[in-house]
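**Q** One structure is given below, represented as C-alpha cells, and several questions about it will come after.
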Amino acid sequence: MRWWSAANFVSNAGTWMQLTVQNLLVLHITGSAAATGLSMSVQAAPALLVSLVGGAVVDRWPRKLTVAVSQTLLGAVAFTTALLVALDRIDMTALLVLAAVTGVIATVDGPACALLGNDLVPVADVPSAIGVGALVHSAGRLAGTALAGIAVGFLGTASAYAANGLSFLFVASVVPFLRPAAGAAEGTAAGAREAPARAETGVREGLAFFVRRPRLVALAGITGLSSVFGRNYGLTLAVLVTGPLAGGGGAFGTVSTVLAVGGIIGAVLGARLRKPSVRTVGLLAAAGALLQVVAGLSPSLAVLLVLVLPMAVVESVSDTAGTAVLQTDPPPRLRGRVLGVWSSIGTVWSLGGPPLLGLLMEWAGARGALVAGGLLIAGSIGAGLLVRRRGGPVPVPLAAKDGEVTGREALGTAA
C-alpha cells in the first residue's frame, strides 16, 4: 500500500502538470476560452458513453494486468502529445483526438486503479485506504500545479506532457510488485474466473444491480444534489468574494487555499472511518449544506474564511465515506461495473451541474444560490431520512455466487 500510494502521488502530480499546461496550450493555439472548455468536455464525454463497458472490462480481466496495460497506454498518449508539442506539430484537431483517446482509456483505468488499491488491504481497512487515496490525490494536485509552472518555465510546454508520461510508466512498473491482501485476492480471482461470456456478466447486470439497490440509488441522489448545488465553490464562492464581499483575485486565492487545506484535513479524518454508511454520507452532506447557507449570508471575508474550512472538511469526509460504500457494497464480481455506472452518472452531474448552477446564480445571485442550494440539499436529505424511517428497511435479494453472502448477511453493513 505504501508503494501504491507513492506511485499514485507521482501519477497525480503528473496528471495535474498536464492539465494545468493543457488549458494554456489550447488558449495559445486557439485564443478561445470556449475551445478550452471543449477540450475538457471531449475528454470527459467517453465516461458518459463508455464507462459501463469499461467497468465490465475491469470485472472480466485480472486487476493488476488491467492497471498495468491502461497506465502504459496513457503514458503512450502523453508521450505522443509531448512529441507533437516539441515538434510544433500540434493543432486543435490532434489535441481533441488525443483527449478523446485518454478519456476512453480512463473509463477502464479509473475503476481498475480504485479497486486495486482496495485489494491491497484487509476489507476492514478499505475506508482507510480510500482516505489515504484522497489525501494522496490532494497532495499530488498541489505538487503538480506548482511543478507545471517550473517545468514550463525551464524546459517548455512539452516537458509537462513528458513528465506525465513518465509518471504513468512509474505506476505500471510498480504494479507487478504489489501483493494484494489474501481475502481481496481471492475475491478478485473468483470474479475473474466467473467471467464467461454470458449475458448476466455483461453491462446490464451491473446496471440492474445498481438500480435495484436502494442504498446506492440514495447515495447517487445525495451526491448528485451536493455536486450540483453544493460543491461548485470555484464558481459560487468566486462570484461571492469578488462581488458582494468586494474582494479581488487574491482574496479568492486565499479562500481556495483554505478549501484545499480543509480537504486534506477531511481526508485524514475520513481515513479513520471504520464502517461508513449512506446515513453517514447524508448527515455529513446535510451539515455541509447548512454551513453553506451560513456562508452565503457572510457579512465579510473574514467570516467566510472561518466557515470555508469546516465546509471543506465535512465535504471531504463525506466523499470518503461515500466512496467506501460504493466500492464495498457490491459483490466483488460486480464492483467494476457498478463503478462504471457511477462514472456515467457523475459525468452527467459534471456536465450539467455548472449550467444549472449558473442559471440559479443569474436568478438569485451568488448569495441566493448558496442559500437556496444549501436548503435544497439539507431539506431533501432530511425528507429522505424521514421517509426511510417511516417505511422501514427494504430487503434486497442478491443472486448467490460461490463465496458470497446473501439475504440478511449481505445487508449487514447497510445504513
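Going by this note's numbering, the sequence shown opens with residue 16, and the numbers climb by one from there.
Built from N, CA and C at the ideal position, the CB exists for glycine as well.
1. Apart from the five residues just before and just after G263, which ones in its own chain have a Cβ nearer than 7 Å to its Cβ?
2. Give the range of the alpha helix (DSSP H) segment to which T257 is assigned.
3. Tell me whether T35 is buried or exposed, calling it buried when 16 or more other Cβ atoms sit within 10 Å of its Cβ.
4. Among the candidates A266, A301, P369 and S333, whose CA atom is the shortest distance from the CA of T448?
5. Where does R350 sit, in a helix, a strand or coil, going by DSSP?
6. Report the three-state DSSP secondary structure of G277 (helix, strand or coil).
7. Mapping DSSP to helix, strand and coil, what is W18?
8. Pick from P137, V100 and S271: whose alpha carbon is nearest that of A197?
9. With a 10 Å radius around its C-beta and 16 neighbouring C-beta atoms as the bar for buried, classify A317 as buried or exposed.
10. In whole angstroms, what is the alpha-carbon distance linking T343 and R350?
11. With burial defined as no fewer than 16 other Cβ atoms inside 10 Å of the residue's Cβ, what is the status of I165: buried or exposed?
12. According to DSSP, simplified to helix, strand and coil, what is S242?
13. Residues in the same chain with beta-carbon distance under 7 Å from R213, minus the five sequence neighbours each way, listed in chain order, please.
14. Buried or exposed for R289, going by 16 or more other Cβ atoms inside 10 Å?
15. Does DSSP classify R194 as helix, strand or coil?
16. Tell me whether D74 is buried or exposed, calling it buried when 16 or more other Cβ atoms sit within 10 Å of its Cβ.
17. Pop quiz: N179 and A93 are said to be a contact at Cβ under 8 Å. What is the actual Cβ separation, rounded to whole angstroms?
18. Give the secondary structure of S136 by DSSP, where H, G and I count as helix, E and B as strand, and everything else as coil.
19. Out of P259, L39 and M376, which has the shortest C-alpha to C-alpha gap to V167?
20. Taking the Cβ atom as the reference point for each residue, do G397 and A327 lie within a distance shorter than 8 Å?
21. Along the chain, where does the alpha helix (DSSP H) containing R219 start, and where does it finish?
22. Under three-state DSSP, which class holds T172?
23. Which whole runs of the alpha helix (DSSP H) in the stretch 55-115 are 4 residues long or more, in chain order?
24. Beta-carbon within less than 8 Å of W194's beta-carbon, same chain only, minus the 5 sequence neighbours each way: which residues are those?
**A** So, from the listed chains and residues:
1. A distance below 7 Å between beta-carbons, with the five flanking residues on each side excluded, links G263 to the following residues of its chain, in chain order: T257.
2. Note, T257: alpha helix (DSSP H), Y248 to T257.
3. For T35, the number of other beta carbons within 10 angstroms of its own is at least 16, and it is reported as buried.
4. No answer is possible for residue 448: the residues shown for the chain start at 16 and end at 430.
5. Here R350 sits in helix by DSSP.
6. For G277, the secondary structure class from DSSP, reduced to helix, strand or coil, is helix.
7. Helix, per DSSP.
8. Of the candidates P137, V100 and S271, the residue whose Cα lies closest to the Cα of A197 is P137.
9. Under this definition A317 is an exposed residue.
10. If I take the Cα positions, the gap works out to 8 Å.
11. Classification for I165: exposed.
12. S242 falls in the helix class under three-state DSSP.
13. With a pLDDT of 45 at R213, under the threshold of 50, the modelled position of this residue cannot be trusted; read the value that follows with caution. Excluding positions up to five away in sequence, the list is empty.
14. Exposed: under 16 other Cβ atoms inside 10 Å.
15. Residue state, collapsed to three classes: coil.
16. Result: buried.
17. So it is a contact: roughly 4 Å between Cβ atoms.
18. Per the sequence shown, the amino acid found at residue 136 is Val instead of Ser. Reduced to three states, the DSSP call for V136 is coil.
19. It is L39.
20. Contact flag unset, no.
21. Residues V218 to R227.
22. T172 carries a coil assignment under DSSP once its states are collapsed to helix, strand and coil.
23. Entirely contained in the stretch 55-115, the alpha helix (DSSP H) runs reaching 4 residues are, in chain order, 78-101.
24. The question names Trp, yet the displayed sequence has Arg at residue 194. Sequence-distant Cβ neighbours of R194 in its own chain, meaning closer than 8 Å and more than five residues away, are L135.
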